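Following: one structure in structure tokens, then a few remarks.
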Amino acid sequence: MHARIQELAMESQKHHADIVQLSEAFQTLRLRREEQQKTLDDLKRRTADTNQKFLRLRNTLTDDERRIQRQKGEALKEALKDTAQKKLSKGGKLTLQELSALYEGTEE
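Numbering (our numbering) for the sequence shown: 111 to 218.
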């Protein structure tokens, strides 16, 4: 009976040593996972920041492009209006676009 108790005690001690070893390995894995999670969270934050900067720049570019297109359109209308006025002062015939440009100029 005493031999059986010693045998069980040795098995218990071996299982305990295995559990301690597994616990240490588990703790190491947990720490590694936490570090990786921190790295991932940091990467997500930086990605979100970069995405926000990209969206702001894209919106700024879009606004600038619209403004430039509007300015080009206004310059074209102004040039067409000048051409129409010169033609009209010389008694020339106006195109529909030139006539439209003159009428738009008088409404403003």
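The beta-carbon is built from N, C-alpha and C at its ideal position, and this holds for glycine as well.
Everything numeric in this text was worked out from a predicted model, so none of it was measured.
Would the beta-carbon of E214 fall within 8 Å of that of K187?
Translated into the one-based positions of the sequence shown, residue 214 becomes position 104. Translated into the one-based positions of the sequence shown, residue 187 becomes position 77. A contact, by the Cβ cut-off of 8 Å.
What residues in its chain sit with their C-beta under 7 Å from that of G183, if we drop five residues either side in the sequence?
Taking the sequence shown and counting its residues from 1, the one referred to as residue 183 is at position 73. Cβ within range, chain order: n/a, list empty.
For my contact list, L206 and A194 are in at a C-beta cut-off of 8 Å; report their separation, rounded to the angstrom.
Taking the sequence shown and counting its residues from 1, the one referred to as residue 206 is at position 96. Taking the sequence shown and counting its residues from 1, the one referred to as residue 194 is at position 84. Their Cβ separation, rounded to whole angstroms, is 11 Å, which puts L206 and A194 out of contact at 8 Å.
Helix or strand or just coil, what does DSSP make of G183?
Taking the sequence shown and counting its residues from 1, one reaches residue 183 at position 73. Correct three-state label for G183: helix.
Just how far apart, CA to CA, sit E144 and F164?
For the purposes of this step, residue 144 is taken as the residue at position 34 of the sequence shown. For the purposes of this step, residue 164 is taken as the residue at position 54 of the sequence shown. Put simply, the backbone Cα of E144 is about 30 Å away from that of F164.
State the CB to CB distance for the pair K191 and L209, rounded to an integer number of angstroms; the pair is presumed to be in contact (CB under 8 Å).
Indexing the sequence shown from 1 puts residue 191 at position 81. Indexing the sequence shown from 1 puts residue 209 at position 99. Taking the Cβ atoms as the reference, K191 lies roughly 10 Å from L209, outside the contact range of under 8 Å.
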